[in-house]
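Colleague:
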Amino acid sequence: MNASPHKLAVEDLTVTFGHGRRAREVLHGVSTGVRAGQTLGLVGESGSGKSTIAKAIVGIHPVRAGRITLDGEDLTGLKGRELVAVRRRVQLVSQDPYASLNPRMTIGEAIAEAVDPVRADARKHAVTVERWLETVALDGSAAVKYPHEFSGGQRQRIAVARALAVEPEVVIADEITSALDASVQAEVLNLLEELRRSLSLTMVFISHDLAVVRHVSDEVAVLRHGELVEQGPVRDVYRAPQHPYTRGLLASVPTFDEKETAA
Ligand SMILES: Nc1ncnc2c1ncn2[C@@H]1O[C@H](COP(=O)(O)OP(=O)(O)O)[C@@H](O)[C@H]1O
Ligand SMILES: [Mg+2]
């Protein structure tokens with residue numbers, strides 16, 4: 042059924058903001074994808090359209106043209122219940138965990154809602170909630186607390202738990218460690234990597250940090266001004282970038298000087 046090698050793909054994805062004469066196209070026909078069980082790193086400068094791709098995939102931004110496919114099935118044509126069901130299979134975790142965590146909901150309620158949107162009852166789902174909290178290395182007592190009672194790193198782990206509680210097949214992580222201190226960053230990244238392996242997740246890892254992307258990704262896609270300039274296995278792209286823009290990006294990362302890339 043699925044002729045594409047990709048678990049999740051976008052084909053000629055075009056997104057515009059605004060209407061009429063004020064309309065501005067920010068994605069100009071982007072095609073990319075991630076293979077099942079792999080991680081695609083999506084890089085590019087701030088404003089290049091990385092988050093827009095993520096939000097278009099999960100339906101936050103409308104798609105002007107192009108297709109979004111999951112196991113070869115076009116999501117852009119789906120409606121109603123079918124769409125809701127497919128959407129659960131792809132979860133977005135973003136930079137600001139407040140965006141996915143309602144400040145007035147306890148963590149237990151938030152995770153219960155992810156598990157069971159129809160009967161979002163923290164007590165009914167207490168066992169599942171506790172299991173997910175433990176999975177992201179948080180105490181079960183976290184369930185009765187509110188988002189503001191946690192540190193940034195903890196909140197990001199809660200957002201990961203909430204996304205995973207839906208039992209998705211694909212997770213899109215959009216700059217999820219960018220606001221965190223270096224030590225906490227490593228902690229969240231290691232956790233994510235562990236979970237990705239144990240749950241056989243497919244992942245899109247969005248970051249402007251090329252060192253982190255190299256560390257977690259199988260392939261990397263480079264976005265510039267709403268266009269994809271290059272995609273390939275991390276090893277190849279980091280060692281021998283084909284596009285001048287990618288070369289420029291890599292040159293500005295201090296750890297990727299000649300010595301290391303030539304090694
Ligand atoms: N909701 C929106 N309304 C209007 N313009 C937007 C919106 N979201 C993003 N943009 C614009 O789209 C472009 C791409 O933004 P974004 O996808 O957030 O980039 P990145 O995540 O790579 O930093 C930017 O020029 C940004 O200003
Ligand atoms: Mg962004």
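Numbering (the working numbering), first residue to last: 42 to 304. Using N, Cα and C, we set each Cβ at its ideal position, and we do this for glycine too.
Tell me, please, which residues DSSP counts as bridged to ARG108.
Modeller: Here residue 108 refers to the residue found at position 67 when the sequence shown is read from its first residue. Answer by DSSP bridge pairing, in chain order: GLU52.
Colleague: Along the alpha helix (DSSP H) that carries SER72, what are the first and last residues, could you check?
Modeller: Taking the sequence shown and counting its residues from 1, one reaches residue 72 at position 31. No alpha helix (DSSP H) holds SER72; the beta strand (DSSP E) holding it covers 65–75.
Colleague: Can you check the segment 155–223 for any alpha helix (DSSP H) of at least 4 residues that lies completely inside it and give the ranges in chain order?
Modeller: The segment 155–223 contains these whole alpha helix (DSSP H) runs: 167–176 and 193–206.
Colleague: When DSSP builds the beta bridges, which residues end up paired with VAL261?
Modeller: In the sequence shown, the residue the question calls residue 261 occupies position 220. The partner list for VAL261 (beta bridge, DSSP) reads GLY82 and GLY273.
Colleague: So, are the CB atoms of VAL71 and LEU54 less than 7 angstroms apart?
Modeller: Within the sequence shown, the letter at position 30 stands for residue 71. Within the sequence shown, the letter at position 13 stands for residue 54. The answer is yes: Cβ separation under 7 angstroms.
Colleague: Please list, in chain order, all residues of the same chain as ALA304 whose beta carbon is under 6 angstroms from its beta carbon, the five residues on each side excluded.
Modeller: The sequence position of residue 304 within the sequence shown is 263, counting from 1. Bear in mind that the predicted position of ALA304 carries a pLDDT of just 43, short of 50, making it unreliable; the figure below should be weighed with that in mind. Taken in chain order, the list of residues that qualify is empty.
Colleague: Shortest alpha-carbon distance to PRO274 belongs to which of GLY267, GLN283 and HIS266?
Modeller: Here the question's residue 274 lines up with position 233 in the sequence shown. Among GLY267, GLN283 and HIS266, the Cα nearest to that of PRO274 is on GLN283.
Colleague: Look up VAL131 in the DSSP assignment and give the residues it is bridged to.
Modeller: To locate residue 131, count along the sequence shown from 1; it is residue 90. DSSP, once it has assigned bridges, lists VAL211 as partnering VAL131.
Colleague: Closer than 6 angstroms by C-beta to VAL156: which residues in its own chain qualify, once you throw out the five before and the five after it? Chain order, please.
Modeller: To locate residue 156, count along the sequence shown from 1; it is residue 115. Result list for VAL156: HIS166, THR169 and ALA206, in chain order.
Colleague: For GLU216, which option in VAL134, LEU291, THR176 and ASP277 has the closest C-alpha, if you only look at C-alpha atoms?
Modeller: What you label residue 216 is simply residue 175 of the sequence shown in a count that begins at 1. Nearest of VAL134, LEU291, THR176 and ASP277 to GLU216, Cα basis: VAL134.
Colleague: Quick one: does the C-beta of LYS165 sit closer than 6 angstroms to a heavy atom of ligand 2?
Modeller: Counting from 1 along the sequence shown, the entry for residue 165 is found at position 124. Not under cutoff, so the answer is no.
Colleague: Between VAL229, HIS256 and LEU251, which lies nearest to LEU264 when the distance is taken from Cα to Cα?
Modeller: Start at 1 with the first residue of the sequence shown, and residue 264 comes out as number 223. Measuring from the Cα of LEU264, the nearest candidate turns out to be LEU251.
Colleague: Does the distance from the C-beta atom of GLN272 to that of THR73 stay below 7 angstroms?
Modeller: Stepping through the sequence shown from its first residue, residue 272 is reached at position 231. Stepping through the sequence shown from its first residue, residue 73 is reached at position 32. Yes.
Colleague: Does the beta-carbon of LYS96, which I'm using as the reference point, lie nearer than 6 angstroms to any heavy atom of ligand 2?
Modeller: Your numbering for residue 96 matches position 55 in the sequence shown. Flag unset: Cβ of LYS96 not near ligand 2.
Colleague: Counting beta carbon pairs with one atom in the segment 193–213 and one in the segment 116–124, are three or more of them shorter than 8 angstroms?
Modeller: As far as the Cβ criterion goes, the segment 116–124 does not touch the segment 193–213, which means the pair count is below three.
Colleague: Classify THR117 as helix, strand or coil using the three-state DSSP reduction.
Modeller: Numbered from its first residue, the sequence shown carries residue 117 at position 76. THR117: helix per DSSP, three-state reduction.
Colleague: For ARG225, I'd like the list of residues in its chain whose CB is within less than 6 angstroms of its CB, leaving aside the five on either flank, ordered along the chain.
Modeller: Numbered from 1 along the sequence shown, position 184 holds the residue referred to as residue 225. According to the sequence displayed, residue 225 carries Val and not Arg. Hits under 6 angstroms: GLY194.
Colleague: Measuring from the CB of LYS120, is there a heavy atom of ligand 2 at a distance below 6 angstroms?
Modeller: Translated into positions along the sequence shown, residue 120 becomes position 79. Checking every heavy atom of ligand 2 against the Cβ of LYS120, none is found closer than 6 angstroms.
Colleague: So, is PRO188 buried or exposed, given that buried needs 16 or more other C-beta atoms within 10 angstroms?
Modeller: Residue numbering aside, residue 188 sits at position 147 when the sequence shown is read from its first letter. That one is buried.
Colleague: According to DSSP, is VAL245 helix, strand or coil?
Modeller: In the sequence shown, the residue the question calls residue 245 occupies position 204. Looking at VAL245 - three-state DSSP - the assignment turns out to be strand.
Colleague: Given this structure, state the Cα-to-Cα distance separating THR57 from ARG128, to the nearest angstrom.
Modeller: For the purposes of this step, residue 57 is taken as the residue at position 16 of the sequence shown. For the purposes of this step, residue 128 is taken as the residue at position 87 of the sequence shown. The alpha-carbon atoms of THR57 and ARG128 are separated by roughly 21 angstroms.
Colleague: Out of SER293, ALA262 and GLU228, point me to the one whose CA is closest to MET244's CA.
Modeller: In the sequence shown, counting from the first residue as 1, residue 244 sits at position 203. Of SER293, ALA262 and GLU228, the residue nearest in Cα terms is ALA262.
Colleague: Could you tell me if GLY267 is buried or exposed, where buried requires 16 or more neighbouring beta carbons within 10 angstroms of its beta carbon?
Modeller: In the sequence shown, counting from the first residue as 1, residue 267 sits at position 226. The residue in question, GLY267, is buried, as its Cβ has 16 or more Cβ neighbours within 10 Å.
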